[in-house]
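Below: the structure, in structure tokens.
2 protein chains.
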Amino acid sequence: MREEVKVWSEDLKNFVRRAFIKAGIKKEHAEEVANHLVLANLRGVDSHGVIRVEYYLQGIKDGYINRDPRISLVKDNPSIALMNGDMGLGQIVAKEATNLAIEKAIKHGIGSVCTFNLSHVGMLGYYGLLIASKKMAGIIFTNGPAMVAPWGGTEKVFGTNPICMVFPYEEKPILLDMASTVIAGMKIMMAAESGKSIPLGWALDKEGKQTTDPKKALEGALLPFGEYKGYGLMLMVELYTAILCNSKLSYEILLTPYTQGGFYVQALNIESLRSFNDYLKDTMRLVKRIRSTKPWEGQERVYLPGELEDIRAEKRSKEGIPIDKNTWNSLLRVAKELDLELPKI
Amino acid sequence: MREEVKVWSEDLKNFVRRAFIKAGIKKEHAEEVANHLVLANLRGVDSHGVIRVEYYLQGIKDGYINRDPRISLVKDNPSIALMNGDMGLGQIVAKEATNLAIEKAIKHGIGSVCTFNLSHVGMLGYYGLLIASKKMAGIIFTNGPAMVAPWGGTEKVFGTNPICMVFPYEEKPILLDMASTVIAGMKIMMAAESGKSIPLGWALDKEGKQTTDPKKALEGALLPFGEYKGYGLMLMVELYTAILCNSKLSYEILLTPYTQGGFYVQALNIESLRSFNDYLKDTMRLVKRIRSTKPWEGQERVYLPGELEDIRAEKRSKEGIPIDKNTWNSLLRVAKELDLELPKI
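Rendered as structure tokens:
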């Protein structure tokens, strides 16, 4: 086959939805997971898109993921709750947690939900966008299987422990969604699968030396972004997720692309502090100032977090989503196993 | 004089306390500011220590800082409030905000306070340690006069917008307290005053080129830590502080060492989620794992955020606080003007 194919987002969504339904997932849950994964592809976050379908299905087959979870609250305070996801699909449990955080924020100004017992939650920005759509600010953390060394160390202790922060703004929120590593773990896996090398500074080999070989990086450890400061943030994410969420420490989580640790989400109701209009006016002043900053030589302009992903989503909506060979092959295997028609290319 | 002198922390505190009392600050407020600034010196955060005394006194003389502020709440929800600091000393207003956040967290699980109209708040870790002493986790942000370019830009838009996050742990909390620049702004100012050069990668000159000259850096712009990820965090801090706190955007704040933008503080009551004992046990497991990580060649071991500052504080408590020539000269000027005896050296 070609190096990549192009698929319409609606066709891709339909395929993913039908795959999860065939695997025994409720229709509305299958729909939710399909929306989530395809939005990641639209935004160019391919490491968190439909490449995960085969993995999630494996998690269901392995009995790790519960097809019909009974999500419950272990603790419930006015502004913070502890949620047991009963090993449901991460996308389903994390969305329920996000909705509860929003409800609490409406009532009390701020709401946080700490969640344990759930599978991979996907792209944190998905929950960020949900919070922003309610005119709220959000913070979202999660931890995952250990791949990252603390700053100064050579062994895997932390997951890539992503951080998402969001503020509403006109149609497109200001959305920061990033791994606390130099690079997302799945991107190293994808480089390893496609035989590409990685830049120095991303990872250590198992002897603790910097490496450009993604396979050696996977045996060794990834590095936090921003040196000791990124390490500090990564550790804070671990404390919020593994420990406050009553979940597993990153190095205790099974290393698969469908596993996750704890999920922490907070919503802050802006209107409990200021009118949304005043908020928007001030934010607009700031955004204009940022966009009008004289750029570096050779750069067109300064961007906001999430802006490049918004631009990519628009483009991919119009032109189709490029799917690389490895991902397409995995969808091919899923189609065969579940006797489904592949999306049109 | 010598390049540096050594002073006992108690003597230094007494001096600072008396200076602020002479400047018309209430006794208990003067005491609070003295404790705060000297703790910064003890921990080795000299840029936020007694070097600020002369500046704060200037802020009082300039009429920017209100000697007797009437701090009030503009909005008060169960878990979040908006506080008007009435241009009081930052250390006094921010401490009151922190105490209110703790109160709200006791009642509702989480409490946040957004604060505007206050002067320089000092070292964010001070408020972090206060939150941790109540067995709570904390997040603290503030913005300040513009010194930093967004990633991809060459002009000052943001303050050094520090981030503090804290979790309680045995006697010494896990305390991350960092500028969202490669380096704190005051350290560049101190380098400029002492005629030292700075490493490449810290700052741009006014043409937008990287520079090693701290004076050119002050005319140009500092750089965020961790490239575009640090820039994203810095922008989020700006949104939390300048905008949610109804304060000034960084580039609208008067550029002095006594000015500040908004102050955002959040406390999270761990016991509303889990027993503190369970929390401690899990945290201990994580800390042991981090400390036992095989270190880089030539490194003794891996440290926790704040640990080096704790070690320094212990050493400086026993051996005295080293005060550099510039700082000592500023204390000398304060002593002369207010007719005070200098601390013993």
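Sequence order for the protein chains is A and B.
Be aware that the first sequence starts at 318, since it is given in our numbering, and climbs by one per residue.
Be aware that the second sequence starts at 318, since it is given in our numbering, and climbs by one per residue.
Ideal placement from N, C-alpha and C gives every residue a C-beta, glycine not left out.
* Could you run through the region 609–625 of chain B and flag, in chain order, every residue whose CB is less than 8 Å away from some CB of chain A? => Thr610, Lys611, Pro612, Trp613, Glu614, Gln616, Arg618, Val619, Tyr620, Leu621 and Pro622
* **Residue nearest to Tyr373 (chain B) in terms of C-alpha spacing, selected from B:Thr576, B:Leu359, B:Pro639 and B:Trp468** => Residue mapping note: residue 373 (chain B) aligns to position 56 of the second sequence, counting from 1. Among B:Thr576, B:Leu359, B:Pro639 and B:Trp468, the Cα nearest to that of Tyr373 (chain B) belongs to B:Thr576.
* Run down chain B in chain order and give the residues with a C-beta less than 8 Å from the C-beta of Asp599 (chain A). => Sequence index remark: in the first sequence, residue 599 (chain A) carries index 282 (1-based). Chain B residues near Asp599 (chain A): Ala559, Ile560 and Leu566.
* To do: Mind checking which residues open and close the beta strand (DSSP E) that includes Gln583 (chain A)?
  => The sequence position of residue 583 (chain A) within the first sequence is 266, counting from 1. Where Gln583 (chain A) is concerned, the enclosing beta strand (DSSP E) stretches over Phe580 to Asn586.
* What are the boundary residues of the beta strand (DSSP E) that includes Lys323 (chain B)? -> As a working mapping, residue 323 (chain B) is identified with position 6 in the second sequence. That run of the beta strand (DSSP E) goes Glu321 to Val324.
* To do: Quick one: which residues of the region 524–549 of chain A get their C-beta closer than 7 Å to a C-beta of chain B? List them in chain order.
  => Gly525, Phe542, Gly543, Lys546, Gly547 and Gly549
* Taking only beta-carbon atoms, is Asn401 (chain A) less than 8 Å away from chain B? -> Position 84 of the first sequence, counted from the start, is the residue given in the question as residue 401 (chain A). No - not a single Cβ of chain B is within 8 Å of the one on Asn401 (chain A).
* Hey, how far is the Cα of Val367 (chain B) from the Cα of Thr610 (chain A)? -> The count along the second sequence starts at 1 and reaches residue 367 (chain B) at position 50. The count along the first sequence starts at 1 and reaches residue 610 (chain A) at position 293. If I take the Cα positions, the gap works out to 35 Å.
* Give the single residue among A:Lys635, A:Gln408, A:Tyr568 and A:Glu536 whose Cα lies nearest to the Cα of Arg602 (chain B). => Position 285 of the second sequence, counting from 1, holds the residue named residue 602 (chain B). The option with the nearest alpha carbon to Arg602 (chain B) is A:Tyr568.
* Minimum C-alpha distance to Leu550 (chain A) - residue among B:Ala347, B:Leu493 and B:Phe337 -> As a first step, residue 550 (chain A) must be located in the first sequence, where it is residue number 233. It is B:Leu493 whose Cα lies nearest to the Cα of Leu550 (chain A).
* **Beta-ladder partner(s) of Gly537 (chain A), from DSSP** => Along the first sequence, read from residue 1 onward, the residue named residue 537 (chain A) stands at position 220. Its beta-bridge partners do not exist; DSSP assigns none.
* Asked: With a Cβ-Cβ cutoff of 8 Å, do Leu354 (chain B) and Ser326 (chain B) count as a contact?
  -> On the second sequence, residue 354 (chain B) is found 37 positions in, with the first residue counted as 1. On the second sequence, residue 326 (chain B) is found 9 positions in, with the first residue counted as 1. No; because the gap between Cβ atoms is not below 8 Å, this pair is not in contact.
* **Residue-level contact to chain B via CB, Thr471 (chain A), 8 Å cutoff** => Walking along the first sequence from the start, residue 471 (chain A) turns up at place 154. Cβ-Cβ to chain B under 8 Å: yes for Thr471 (chain A).
* **Identity of the residue in B:Gly623, B:Arg319 and B:Ile638 nearest Phe484 (chain B) by Cα** => Position 167 of the second sequence, counted from the first residue, corresponds to residue 484 (chain B). Minimum Cα distance to Phe484 (chain B) is reached at B:Gly623.
* **When A:Ser511, A:Leu566 and A:Leu655 are compared against Glu321 (chain A), the one with the closest alpha-carbon** => In the first sequence, counting from the first residue as 1, residue 321 (chain A) sits at position 4. Here the closest residue by C-alpha is A:Ser511.
* Below 7 Å CB to CB, which residues in the same chain sit around Met495 (chain B) once its five sequence neighbours on both sides are set aside? => What you label residue 495 (chain B) is simply residue 178 of the second sequence in a count that begins at 1. Same-chain partners within the cutoff: Pro479 and Ile480.
* Asked: Quick one: does Tyr444 (chain A) have its CB under 8 Å from some CB of chain B?
  -> For the purposes of this step, residue 444 (chain A) is identified with residue 127 of the first sequence, where counting begins at 1. No, Tyr444 (chain A) lies away from the interface with chain B (no Cβ there is under 8 Å from its Cβ).
* For Pro289 (chain A), decide whether its Cβ has a neighbour in chain B, counting only Cβ atoms nearer than 8 Å. => Here chain A comprises residues numbered 318 to 662, so residue 289 (chain A) is not present and cannot be evaluated.
* To do: Taking the CB atoms as reference points, tell me whether Thr432 (chain B) and Phe580 (chain B) lie closer together than 8 Å.
  => Here the question's residue 432 (chain B) lines up with position 115 in the second sequence. Here the question's residue 580 (chain B) lines up with position 263 in the second sequence. Taking 8 Å as the Cβ cut-off, Thr432 (chain B) and Phe580 (chain B) qualify as a contacting pair.
* Which bits of chain B does Lys489 (chain A) rub up against, with CB to CB less than 8 Å? -> Your numbering for residue 489 (chain A) matches position 172 in the first sequence. What Lys489 (chain A) touches in chain B: nothing, since even the nearest Cβ is about 15 Å away.
* Asked: So is Tyr596 (chain A) in contact with chain B if we call contact Cβ pairs under 8 Å?
  -> For this step, residue 596 (chain A) is matched to residue 279 along the first sequence. Tyr596 (chain A) counts as touching chain B.
* To do: Identify, in the order they occur along the chain, each residue of the same chain with its Cβ nearer than 6 Å to the Cβ of Lys302 (chain A), setting aside the five sequence neighbours on each side.
  => Nothing can be reported for residue 302 (chain A), as the shown portion of chain A is limited to 318 through 662.
* For Leu399 (chain A): DSSP bridge partner residues -> On the first sequence, residue 399 (chain A) is found 82 positions in, with the first residue counted as 1. Paired residue(s): A:Lys392 and A:Cys431.
* Tell me, to the nearest whole angstrom, how far the beta carbon of Leu439 (chain A) is from that of His346 (chain A); I am working on the premise that it is less than 8 Å. => Here residue 439 (chain A) corresponds to residue number 122 of the first sequence, with the count starting at 1. Here residue 346 (chain A) corresponds to residue number 29 of the first sequence, with the count starting at 1. The identity of residue 439 (chain A) in the sequence shown is Gly, whereas the question assumes Leu. Not quite, the Cβ-Cβ distance comes to about 13 Å (not below 8 Å), so this is no contact.
* Asked: Nearest chain B C-beta to Ile500 (chain A) closer than 8 Å, yes or no?
  -> The sequence position of residue 500 (chain A) within the first sequence is 183, counting from 1. Output row for Ile500 (chain A): interface = no.
* To do: Could you please tell me which residues of the region 379–402 of chain A, in chain order, have their CB closer than 7 Å to any CB of chain B?
  => Lys392, Asn394, Pro395, Ser396, Ile397 and Leu399
* May I ask you to verify whether the region 497–508 of chain B touches the region 635–655 of chain A, counting CB pairs closer than 8 Å and requiring at least 3? => no
* Asked: When DSSP labels each residue in this structure, what does Gln408 (chain A) get in the three-state scheme?
  -> Here residue 408 (chain A) is taken as the residue at index 91 of the first sequence, counted from 1. Here Gln408 (chain A) sits in helix by DSSP.
* Asked: What three-state label does DSSP hand Gly470 (chain A) in the structure shown?
  -> For the purposes of this step, residue 470 (chain A) is taken as residue 153 along the first sequence, with counting starting at 1. Gly470 (chain A): strand per DSSP, three-state reduction.
* Asked: Looking only at its own chain, which residues have a Cβ that is under 7 Å from the Cβ of Leu572 (chain A), when we skip the five neighbours before and after it?
  -> On the first sequence, position 255 is the one that residue 572 (chain A) refers to. Around Leu572 (chain A): Pro462.
* **Contacting residues, own chain, Cβ-Cβ under 7 Å from Asn383 (chain B) (five flanking each side not counted)** => Here residue 383 (chain B) refers to the residue found at position 66 of the second sequence. Result list for Asn383 (chain B): Asp403, Met404 and Gly405, in chain order.
* Just checking, does the region 583–603 of chain B make contact with the region 420–431 of chain B on the three C-beta pairs under 8 Å criterion? -> yes
* Can you find a C-beta in chain A that's less than 8 Å from the C-beta of Phe433 (chain B)? -> Reading the second sequence from its first residue, position 116 is the one you call residue 433 (chain B). Output row for Phe433 (chain B): interface = no.
* **Which of helix, strand or coil DSSP assigns to Ala501 (chain A)** => Taking the first residue of the first sequence as position 1, residue 501 (chain A) is located at position 184. Three-state result, Ala501 (chain A): coil.
* Given Lys661 (chain A) as reference, the closest of A:Ser497, A:Tyr381 and A:Ile640 once Cα atoms are compared -> Start at 1 with the first residue of the first sequence, and residue 661 (chain A) comes out as number 344. The shortest Cα separation from Lys661 (chain A) among A:Ser497, A:Tyr381 and A:Ile640 belongs to A:Ile640.
* To do: Kindly say whether Pro467 (chain A), judged by its beta-carbon, lies nearer than 8 Å to any beta-carbon of chain B.
  => Here residue 467 (chain A) refers to the residue found at position 150 of the first sequence. Closer than 8 Å to some Cβ of chain B, the Cβ of Pro467 (chain A) qualifies, so yes.
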